[in-house]
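Have a look at the structure below, then the notes.
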Amino acid sequence: MSLKRNLKETIIYIVLIIYAIVNVYPIIWMGINSFKSEQEFTVNQFGFPNEFVLENYENAWEIANLGVLFKNSIFITLTATFITVFLGALVAYFLSRFEFKLNKWLYTFFTFGLLLPIHATLVPMFILMKNLDLLNRPYTLLFPYIAFHLPITIFILTSFMKSFPKSIEESAMMDGCGIFRRFWSIILPMSRPALATVIILNFIYNWNEFSFALVLINNPEYQTLPLGLASFAGQFTTNYGAQMAGLTMSIIPIIIFYLIFEKNIVKGMTAGAVKD
Amino acid sequence: MKINRTAKIGIFLGILPALIIYTVFAILPIIQSFFYSLMEWDGFAEMKFIGLDNFVRLFNDPIFLNSVKNNIFVVIASIFGQVPIALIIAILLNRKLKGGRIFRTVGFLPVVLSTVVISVTWSLVYNSRYGLINELLRNIGLGFLAHNWLGDTKWAMMSVLIVIIWQFVGLYLIIFLAALQNIPQEVLEAAKIDGAPEWMITWKITIPMIWDTILVAVILCISGSLKTFDLIYNMTNGGPAHATEVMAIYMFNETFKNLNYGYGSAISVFIFLFSLILIMITRKLFGRNLT
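Going line by line, the protein sequences match chains A and B. Here the first sequence is numbered in the working numbering, starting from 20 and rising by one per residue. Here the second sequence is numbered in the working numbering, starting from 73 and rising by one per residue.
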């Protein structure tokens, strides 16, 4: 019996380990090889580097202009996330805590956005932004990022805020608190768990977004990390070392972020996907 | 909550900014694409109204129909790749195992990474000269199996599909694990006491009990696969010879490379309606018990 159990457990472990290796080995392979010189990479792909070379990193940092890319990505991601969550929370507050004529209609209108396939809007978005003279600006990407992530943000926050009992605002109302005051000092603090979810969701979506950036930005000054990395890889197809170094540098922050907030990220992203 | 006049103004002001941004930058483009799809337009010169000609051309365009076929491949690969793998791993992980958490962490990692990082990394893995796969095959004496994975029309689609599956298994793994952990333990205990072997418990009890979740996963696979653009754009840009071209890639190239804004908009409209209809159908078929 115990032998049979041991055997079973061993098989389970073997399957899981194979799965884990397939999952992370491409990334580890890339990370390790980014420290090898061009020559060493061609002859020794699987071992550790005989000699750690930082040349790839210097090249990647300079050619791909990673400093600028990081700066742009951080700016766009943080600003878009902040505005989306703030505006989304306001809408969610009014939709969940008040009865008025257009309430249902507005909710349907906003959540309809969950069904919009982003790349079906690439062409008209480009034309729209061109007509509004908003192409290639440092803040260009804020508009589509906010617009397209409001639906999921409103959806998650509204369903959370609806669950509070009606009575919580009543005493505040007696004290003469205005509607914005109640939002700020009662509803918002109570929504902390849902806010964490939508902040993380927005952060990751915005940080990783590629197609709008591709269509709306071609000035290297304003490229974000995914766009810059893609064009770097497209231009220096044979400089494997520099590509690997660039990729490794770009994923380190997100991996650290993931390891720290794993629980929230996993919860947020699965909720985001299921509700999408 | 009852509202008075001042509150009404407050609500109006509070909702307005979000409503404007959302309407102008998410809804308006969709409406505009319907309009442009009826035009012949290179993006610069004057538009010419041509009615439904773009759509007639679309359905007679073999390259476009090929891209629809490839899109359907992606849907099928996602459903029959991502769901079963994720389900098996989830069932294996759903027990007391030392280090079980690590497998979850590792499993979800690709979901967090940007598609660009994934596609460039996998392009290196598939690289015909120094890529990980060919190098591995050569090292174990199977060098004759080495291919130009992304450059050969025979292998390109399969290679891309593997990455698409790889990218999202972790998401479904977590969704399934959450469902498995909701199954009441007494049910499983009872079956165990009756001496049922584990595979039978899994097949007869566990899977039927999480069937709703599996259907949700299938719906997610469908809508997710229709969104495929970034990955293929960065790995093959639809090549070689349209072998991996999906609708969105074709739309992109027609619009921005060939400057057929009208025709590109018609493809946008088709993608929009196609996903909307597919989502409606799957929801109708499977019911709407999604949360």
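We treat Cβ as the ideally placed atom computed from N, Cα and C, and that holds for glycine. Bear in mind that the values here come from a model prediction, so they are computed numbers and not experimental data.
**OP:** Would you mind telling me which residues of chain B sit closer than 7 Å to residue 285 of chain A, beta carbon to beta carbon, in chain order?
**Re:** By Cβ distance, chain B contributes 180 and 246.
Original post:
Should residue 184 of chain A be flagged as near chain B, meaning a C-beta pair shorter than 8 Å?
Top reply: Answer no: the Cβ-Cβ gap between residue 184 of chain A and chain B never drops below 8 Å.
**OP:** Going by CA-CA distance only, name the one from A/135, A/139, A/111 and A/138 that's closest to residue 126 of chain A.
**Re:** Nearest Cα to residue 126 of chain A within the set A/135, A/139, A/111 and A/138: A/111.
Subject >> Cβ neighbour criterion (16 or more within 10 Å) applied to residue 65 of chain A >> reply: Exposed, since its Cβ has fewer than 16 Cβ neighbours within 10 Å.
Subject >> Inter-residue spacing [alpha-carbon to alpha-carbon] between residue 373 of chain A and residue 69 of chain A >> reply: There is simply no residue 373 of chain A to check, as chain A begins at 20 and stops at 295 in what is shown.
Subject >> Contact the stretch 135-150 of chain B vs the stretch 314-325 of chain B: 3+ CB pairs below 8 Å >> reply: Touching, per the Cβ criterion.
Original post:
So, helix, strand or coil for residue 119 of chain B, using DSSP?
Top reply: Coil, per DSSP.
Subject >> the stretch 179-189 of chain B / the stretch 265-277 of chain B touching (three or more Cβ pairs under 8 Å) >> reply: Judged by Cβ distances under 8 Å, the stretch 179-189 of chain B makes no contact with the stretch 265-277 of chain B, as fewer than three pairs qualify.
Subject >> Three-pair Cβ contact test at 8 Å for the stretch 256-265 of chain A versus the stretch 99-119 of chain A >> reply: The stretch 256-265 of chain A makes no contact with the stretch 99-119 of chain A, as fewer than three CB pairs between them are under 8 Å.
Original post:
Under 8 Å, do residue 97 of chain B and residue 111 of chain B count as touching if we go by C-beta distance?
Top reply: The answer is no: Cβ separation not under 8 Å.
Original post:
Got a sec? Which residues, its chain only, sit under 6 Å from residue 202 of chain A by beta carbon, not counting five neighbours each side?
Top reply: Excluding residues within five positions, the ones whose Cβ falls inside 6 Å are 112.
Subject >> Straight-line gap, residue 281 of chain B to residue 313 of chain B (C-alpha atoms, nearest Å) >> reply: About 45 Å.
Subject >> Residue from A/236, A/143, A/252 and A/22 whose Cα sits closest to the Cα of residue 156 of chain A >> reply: In terms of CA proximity to residue 156 of chain A, A/236 leads the group A/236, A/143, A/252 and A/22.
Original post:
Using a beta-carbon distance below 8 Å, is residue 362 of chain B in contact with chain A?
Top reply: Confidence at residue 362 of chain B is low in this model, with a pLDDT of 46, below 50, so the placement of that residue is unreliable and no value is reported for it.
**OP:** Using a threshold of 8 Å, state whether the C-beta atoms of residue 237 of chain B and residue 297 of chain B are closer than that.
**Re:** No; because the gap between Cβ atoms is not below 8 Å, this pair is not in contact.
Original post:
Helix or strand or just coil, what does DSSP make of residue 362 of chain B?
Top reply: Here the model assigns residue 362 of chain B a pLDDT of 46, short of 50, so the residue's position is not dependable and the matter cannot be decided.
Original post:
Using a C-beta cutoff of 8 Å, does residue 239 of chain A count as contacting chain B?
Top reply: Judged by the 8 Å Cβ criterion, residue 239 of chain A is not in contact with chain B.
Subject >> Whole-number beta carbon distance between residue 232 of chain B and residue 304 of chain B, since they are thought to touch under 8 Å >> reply: With 8 Å as the limit, residue 304 of chain B and residue 232 of chain B qualify as a contact, their Cβ atoms being about 6 Å apart.
Original post:
Considering only C-alpha positions, which residue in the set A/258, A/28, A/90 and A/171 is nearest to residue 76 of chain A?
Top reply: When only C-alpha atoms are compared, the closest one is A/258.
**OP:** Would you mind reading off the limits of the alpha helix (DSSP H) that contains residue 293 of chain B?
**Re:** Unbroken alpha helix (DSSP H) run through residue 293 of chain B: 283-298.
Subject >> Bridge partner(s) assigned by DSSP for residue 112 of chain B >> reply: When beta bridges are read from the DSSP output, residue 112 of chain B appears opposite B/120.
**OP:** Would you mind telling me which residues of chain A sit closer than 8 Å to residue 194 of chain B, beta carbon to beta carbon, in chain order?
**Re:** Result: 45.
Subject >> residue 292 of chain A - DSSP class collapsed to helix/strand/coil >> reply: Residue state, collapsed to three classes: helix.
**OP:** Tell me whether residue 212 of chain B sits in a helix, a strand or coil according to DSSP, three-state version.
**Re:** Note: residue 212 of chain B maps to coil in three-state DSSP.
Original post:
Under the rule that 16 or more other beta-carbon atoms within 10 Å means buried, what is residue 361 of chain B, buried or exposed?
Top reply: Any reading at residue 361 of chain B is ruled out, since the residue's pLDDT is 49, under 50, leaving its predicted position unreliable.
Original post:
Quick one: what's got a C-beta closer than 7 Å to residue 280 of chain A's C-beta in the same chain, skipping five residues either side?
Top reply: Result list for residue 280 of chain A: 219, in chain order.
Original post:
Any idea what DSSP makes of residue 133 of chain B, helix, strand or coil?
Top reply: Coil at residue 133 of chain B, not helix or strand.
**OP:** Could you tell me which chain A residues have their CB closer than 8 Å to the CB of residue 322 of chain B, listed as they occur along the chain?
**Re:** Among the residues of chain A, none has a CB under 8 Å from the CB of residue 322 of chain B; the nearest is roughly 11 Å distant.
**OP:** Evaluate residue 238 of chain A with the Cβ neighbour count: other Cβ atoms within 10 Å of its Cβ, from every protein chain shown; 16 or more gives buried, anything less gives exposed.
**Re:** Exposed, by the Cβ-count rule.
Original post:
For the putative contact between residue 55 of chain B and residue 188 of chain B, defined by C-beta atoms under 8 Å, what is the C-beta separation to the nearest angstrom?
Top reply: Chain B is shown only over 73 to 363; residue 55 of chain B falls outside these bounds and no answer can be derived.
Subject >> Option nearest residue 177 of chain A by Cα separation, candidates A/226, A/55, A/273 and A/211 >> reply: With distances taken between Cα atoms, residue 177 of chain A lies closest to A/211.
**OP:** With DSSP as the reference, label residue 281 of chain A as helix, strand or coil.
**Re:** DSSP places residue 281 of chain A within a helical segment (H, G or I) once states are collapsed to three.
Original post:
Among residues of its own chain, excluding the 5 on either side of residue 309 of chain B, which ones have a beta-carbon nearer than 8 Å to its beta-carbon?
Top reply: Closer than 8 Å at the Cβ level, and outside the excluded window around residue 309 of chain B, lie 321 and 325.
Original post:
Excluding sequence positions up to five away, which residues of its chain have a Cβ less than 7 Å from the Cβ of residue 194 of chain B?
Top reply: Contacts found: 235 and 307.
Original post:
Along the chain, where does the alpha helix (DSSP H) that runs through residue 96 of chain A open and close?
Top reply: Segment 85-116, the alpha helix (DSSP H) holding residue 96 of chain A.
Original post:
Cβ atoms of residue 132 of chain A and residue 170 of chain A: under 8 Å apart, would you say?
Top reply: Their beta carbons are under 8 Å apart, which means residue 170 of chain A touches residue 132 of chain A by this criterion.
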